[in-house]
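Since the structure comes first, as structure tokens, the remarks are kept for the end.
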Amino acid sequence: MRFPDPKIIKLNDINIATYQAGPQDGVPLLLIHGWPEIAYSWAHQIEPLAQAGYRVIAMDLRGFGNSDAPTDVHAYGIEKLVGDIEGLLDVLGIEKVVLCGHDWGGIIVWHAARMIEARVRGVISICTPHVNRPPVDPLTIFKHRHGDDHYFVAFQEPDTAEALFAQDPAAFFRMMFRTVPKGSKPSSKMYYLMPKFEEYLAAGAPELSGPVMGDEDMQVYVDAYAKSGFHGGVNLYRNTSANWEFDAGLDKNIAQPSLMISADRDLFLPPEFADQMVATVPDLERYTVEDCGHWAMWEQPDAINKTLLDWLGRRMV
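Positions in the sequence shown are counted from 1; adding 1054 to them yields the working numbering.
Below, the structure written as structure tokens:
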């Protein structure tokens, strides 16, 4: 398996790195990663999808990998992120695309489906459900339920999280990219990423059980974040309140055919979080991957690929 070389796409105000494979006349499929990830998170998906005849494009989001990483917090609002998708489609000459996102990428594709509806043919989200806009700012909810150490809340402090994670990127990814033992239950402590990482560093950053990838793949992430820094990813979270305000003007319904892939051991976004989607996503199919945590593309790549290819083959060809 060889990951494609980056192709830099110059948009109006930013350079975005893409990784492309498959025939130019294939159905376009844009893969959008989450946090703390990069386009390389799709390493096990690009080749099988391309071999099946799809025009596959994975992108490093702004602030990640080989893409530009502006320092302004407001450069990472949902309007900018979806604007990058639209700009990318324009430059590549793609009229309509199938979007596939994971984690934050899921948030982005559900927004794009409504914000640039005419450009989106279908939507796939791995782990991240489409949720209704809450009546109050999500930060208020997270703080009330889990306190100031919840990472959404803690990340609001300027310059703090990115400086902490940059102390030892290898240790950070070693802590993050692990499987979840069977029978694990969610708790508030799992959201306390910064205190947890401080404790891990204080303990000497020892080897941990259940890594979802090998050292060579992990090093790709370490090298990417050494280049971009951590500020871009953390700035996604610093737009939580602004995005919530923006969402007030959006239709809550998803018009496109959609596939929601959940993971049965995802403690952050368990499958039941997607149960309410039937009310706002009328053309929805759901699938739950067994023995799989949040890093689904690494943990169960064959199951993910089979599910993607099945749905794409039935609904998007």
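Glycine residues also receive a C-beta, built at the ideal position from the N, C-alpha and C atoms.
Residue i - DSSP class collapsed to helix/strand/coil
| i | result |
| --- | --- |
| Pro-1077 | coil |
| Leu-1247 | helix |
| Met-1331 | helix |
| Ala-1112 | strand |
| Asn-1297 | helix |
| Trp-1349 | coil |
| His-1285 | helix |
| Ile-1100 | helix |
| Lys-1134 | helix |
| Thr-1125 | coil |
| Met-1370 | coil |
| Phe-1400 | Outside the modelled stretch of the chain, which goes from 1055 to 1371, sits residue 1400, for which no answer is possible. |
| Lys-1360 | helix |
| Thr-1182 | coil |
| Lys-1306 | coil |
| His-1204 | coil |
| Ile-1139 | helix |
| Gln-1210 | coil |
| Lys-1197 | helix |
| Pro-1325 | helix |
| Gln-1221 | coil |
| Gly-1237 | coil |
Residue i, buried or exposed, once every other Cβ within 10 Å from all chains shown has been counted against 16
| i | result |
| --- | --- |
| Val-1174 | buried |
| Ile-1092 | buried |
| Ala-1172 | exposed |
| Ala-1256 | exposed |
| Gly-1160 | buried |
| Val-1190 | exposed |
| Gly-1176 | buried |
| Leu-1083 | buried |
| Ile-1100 | buried |
| Ser-1241 | exposed |
| Glu-1299 | exposed |
| Asp-1202 | exposed |
| Asn-1307 | exposed |
| His-1198 | exposed |
| Asn-1069 | exposed |
| Arg-1368 | exposed |
Residues bridged to residue i [DSSP beta-bridge criterion]
| i | result |
| --- | --- |
| Pro-1188 | The partner list for Pro-1188 (beta bridge, DSSP) is empty, contrary to what the question assumes. |
| Ile-1062 | Ala-1071 |
| Val-1152 | Leu-1083, Gly-1176 |
| Tyr-1341 | Ile-1315 |
| Arg-1232 | Pro-1265 |
When the options are compared against residue i, the one with the closest alpha-carbon
| i | options | result |
| --- | --- | --- |
| Asp-1222 | Ser-1238, Gly-1201, Arg-1199, Phe-1251 | Phe-1251 |
| Tyr-1130 | Ser-1095, Leu-1255, Ser-1295, Gly-1076 | Ser-1295 |
| Gln-1074 | Leu-1366, Tyr-1094, Thr-1182 | Tyr-1094 |
| Arg-1232 | Asp-1269, Arg-1199, Glu-1326, Glu-1216 | Asp-1269 |
| Pro-1311 | Ser-1242, Val-1127, Val-1371 | Val-1371 |
| Met-1331 | Val-1343, Ala-1106, Ala-1309 | Ala-1309 |
| Trp-1375 | Tyr-1245, Val-1266, Ser-1242 | The first residue shown for the chain is 1055 and the last is 1371, placing residue 1375 beyond what the model contains. |
| Lys-1281 | Trp-1164, Glu-1101, Arg-1116, Leu-1313 | Arg-1116 |
| Tyr-1341 | Ala-1333, Ala-1357, Asn-1120, Val-1335 | Ala-1357 |
| Leu-1218 | Glu-1253, Phe-1057, Val-1234 | Glu-1253 |
| Gln-1273 | Gly-1258, Tyr-1246, Phe-1284, Ala-1225 | Ala-1225 |
| Pro-1102 | Tyr-1279, Pro-1058, Leu-1065, Asn-1066 | Pro-1058 |
| His-1285 | Ile-1063, Pro-1090, Arg-1056, Val-1081 | Pro-1090 |
Own chain, CB closer than 8 Å to residue i, minus 5 neighbours either side, in chain order
| i | result |
| --- | --- |
| Asp-1305 | Arg-1168 |
Near the ligand FAD: residue i beta-carbon under 7 Å from a heavy atom
| i | result |
| --- | --- |
| Arg-1173 | Although the ligand FAD was asked about, the structure shown includes no ligands whatsoever. |
Own chain partners of residue i with C-beta closer than 6 Å, once the 5 adjacent residues on each side are dropped
| i | result |
| --- | --- |
| Cys-1154 | Leu-1085, Ile-1178 |
| Asn-1297 | Ile-1132 |
| Glu-1140 | Ile-1170 |
| Ile-1180 | His-1156, Ile-1315, Ala-1350 |
| Gly-1076 | Ala-1104, Tyr-1108, Arg-1109, Val-1110 |
| Arg-1187 | Asp-1301 |
| Leu-1313 | Ile-1178, Glu-1339, Trp-1365 |
| Phe-1209 | Ala-1215, Val-1288, Tyr-1291 |
| Phe-1322 | His-1348 |
| Ile-1162 | Ile-1086, Leu-1135, Gly-1155 |
| Ala-1246 | Looking at the sequence provided, one finds Tyr at residue 1246 rather than Ala. Result list for Tyr-1246: Asp-1203, in chain order. |
Close-in-space but distant-in-sequence residues of the same chain around residue i (CB under 7 Å, 5 per side omitted)
| i | result |
| --- | --- |
| Phe-1327 | Pro-1183 |
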